[in-house]
Amino acid sequence: YLPLRTGRTAIGVVGLDNDKQGPLLTPEQQRLLDALADQAAVAIERIQLVADVDRAKLAAEADRLRSALLTSISHDLKTPLAAIMGAAGTLREFAPALPEHDRAELLTTVLDESERLNRFIANLLDMTKIESGAMEPNYAFHYVGDIVGSALQRARKIIAEHNTETDIPSDLPMLKVDPVLFEQALFNLLDNAAKYAPAGSTIRVQGWTDNGSVLLQIMDEGPGIPPGDLERIFDTFYRVRKRDQVRAGTGLGLSICRGFIEAMGGTITAANRTDRSGAVFTIKMPKPANPPNFDASNTDDLGDLA
Numbered sequence: 060y061l062p063l064r065t066g067r068t069a070i071g072v073v074g075l076d077n078d079k080q081g082p083l084l085t086p087e088q089q090r091l092l093d094a095l096a097d098q099a100a101v102a103i104e105r106i107q108l109v110a111d112v113d114r115a116k117l118a119a120e121a122d123r124l125r126s127a128l129l130t131s132i133s134h135d136l137k138t139p140l141a142a143i144m145g146a147a148g149t150l151r152e153f154a155p156a157l158p159e160h161d162r163a164e165l166l167t168t169v170l171d172e173s174e175r176l177n178r179f180i181a182n183l184l185d186m187t188k189i190e191s192g193a194m195e196p197n198y199a200f201h202y203v204g205d206i207v208g209s210a211l212q213r214a215r216k217i218i219a220e221h222n223t224e225t226d227i228p229s230d231l232p233m234l235k236v237d238p239v240l241f242e243q244a245l246f247n248l249l250d251n252a253a254k255y256a257p258a259g260s261t262i263r264v265q266g267w268t269d270n271g272s273v274l275l276q277i278m279d280e281g282p283g284i285p286p287g288d289l290e291r292i293f294d295t296f297y298r299v300r301k302r303d304q305v306r307a308g309t310g311l312g313l314s315i316c317r318g319f320i321e322a323m324g325g326t327i328t329a330a331n332r333t334d335r336s337g338a339v340f341t342i343k344m345p346k347p348a349n350p351p352n353f354d355a356s357n358t359d360d361l362g363d364l365a
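Everything in the sequence shown is counted per this note's numbering, starting at 60 for the first residue and increasing by one.
Now the structure itself:
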């Protein structure tokens with residue numbers, strides 16, 4: 060038996076057995092076995108060191124995400140909760156003495172901040188599903204314009220102070236996507252545009268086909284994305300440095316967009332507009348091999364799809 064020794068410690072033992080009588084090895088064979096044992100110990104140690112480094116990286120990443128999550132919960136989630144508690148407390152104590160307009164405004168604050176809090180929590184849950192690999196899209200054929208319309212309707216309060224333009228051709232091929240995930244990705248992009256683009260500016264949604272793919276772009280007229288942030292903007296909890304008037308967020312929206320789009324076989328990229336100031340996000344989805352025929356201008360097709 061020979062110990063497999065390294066500079067740190069013994070990591071194993073190698074043994075030889077032979078039914079023949081007499082010494083197992085000659086002196087030359089013993090030296091060769093010693094050399095092989097040393098080489099094996101060094102190889103095993105290197106494998107262990109690589110595994111240790113990987114574990115250390117994972118632990119550091121987990122600590123970073125945990126710290127970012129705690130920061131998000133302690134600040135971004137606490138802010139709408141404080142507004143809800145303040146408005147509700149005012150209504151409870153002074154509702155009879157408040158004018159109807161003030162009571163309605165306080166109730167609106169409660170509802171708006173509750174929706175905001177609900178979005179933050181939903182984003183946290185969605186990111187948990189993505190990182191755990193539990194995301195399983197429920198595929199079906201859908202017309203992109205319908206999903207865009209649903210996302211715009213859902214985001215109407217968020218983008219109320221912005222102008223919206225859509226250019227979705229009626230002859231776009233149908234896509235095989237999960238409509239819930241795809242709508243959530245579009246909603247997050249619209250929410251992001253509303254945060255960074257000034258009130259009164261235009262948010263544009265346009266689609267087209269190119270080389271067997273369907274592309275969808277969401278463009279805003281905000282300050283754009285700093286060049287140093289273009290590669291990291293889809294990272295979990297990463298947020299572009301922002302101005303004071305920009306609403307708070309968890310830094311999860313774009314990460315969820317990428318997770319959902321990639322789960323459905325597509326890609327999403329970020330860039331800055333070339334015609335004016337602003338950011339542009341491009342979703343690229345593969346065109347199905349045999350999509351069903353659909354004409355968005357024909358309402359009979361909608362009945363067939365239902």
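Where is the CB? At the ideal position from N, CA and C, for every residue including glycine.
Note that the C-beta distance between residue 284 and residue 252 is not below 9 Å.
As summarised for the stretch 170-238, the continuous beta strand (DSSP E) elements at least 3 residues long and confined to that stretch are 199-201, 222-226, 234-236, given in chain order. Boundaries cannot be given for residue 284, as no alpha helix (DSSP H) includes it and DSSP labels it neither H nor E.
Its Cα nearest to that of residue 72, the residue 99 stands out among 89, 99, 83.
By the Cβ-count criterion, residue 262 is buried, with 16 or more other Cβ atoms from all chains shown falling within 10 Å of its own Cβ. By the criterion of a C-beta distance shorter than 8 Å, residue 216 is surrounded in its chain by 171, 174, once the five residues flanking it on both sides are discounted. Spanning the alpha carbons of residue 347 and residue 168 requires a straight line of approximately 44 Å. Taking 9 Å as the cut-off, the beta carbon of residue 199 is found closer than this to the beta carbon of residue 235. Between the alpha carbons of residue 290 and residue 117 lies a distance of about 21 Å. Looking at the DSSP output, residue 269 bridges to 272. Around the beta carbon of residue 160, fewer than 16 other beta carbons sit within 10 angstroms, so the residue counts as exposed. In this structure, DSSP gives residue 331 an extended state, which the three-state scheme calls strand.
In this structure, DSSP gives residue 100 a helical state, which the three-state scheme calls helix. In this chain, the alpha helix (DSSP H) harbouring residue 149 covers 137-153. If you draw a straight line from the Cα of residue 157 to the Cα of residue 137, it comes to about 26 Å. Note on residue 269: under 16 other CB atoms within 10 angstroms of its CB, so exposed under the neighbour-count rule. Minimum Cα-Cα distance from residue 331 among the listed residues 317, 314, 286 corresponds to 286.
In the assembly as shown, residue 185 is a buried residue. Its beta-carbon has 16 or more other beta-carbons within 10 Å. For residue 60, the closest alpha carbon among the candidates 92, 333, 271, 247 is that of 92. Cβ atoms of residue 281 and residue 338 come within 8 Å of each other, at about 6 Å. For residue 315, there is no enclosing beta strand (DSSP E); the residue is found in the alpha helix (DSSP H) stretching over 312-322. Excluding the 5 residues flanking it on each side, residue 149 has same chain C-beta neighbours closer than 7 Å at 165, in chain order.
Taken through DSSP and simplified to helix, strand or coil, residue 86 comes out as helix. Taking the Cα positions, residue 64 is about 7 Å away from residue 97.
The beta carbon of residue 328 sits closer than 8 Å to those of 340, 341, 343, all from its chain and outside the five residues before and after it, given in chain order.
The shortest CA-to-CA distance from residue 181 to any of 240, 201, 151, 88 is the one to 240. Under DSSP, the beta-bridge partners assigned to residue 340 are 277, 329. Per DSSP, the continuous beta strand (DSSP E) segment holding residue 71 begins and ends at 69-73.
If you look at residue 64, you'll find it in the beta strand (DSSP E) that goes 61-64. Nearest to residue 351 by C-alpha distance, out of 232, 334, 311, is 232. Put simply, of 109, 316, 74, 179 the residue whose alpha carbon is nearest the alpha carbon of residue 292 is 316.
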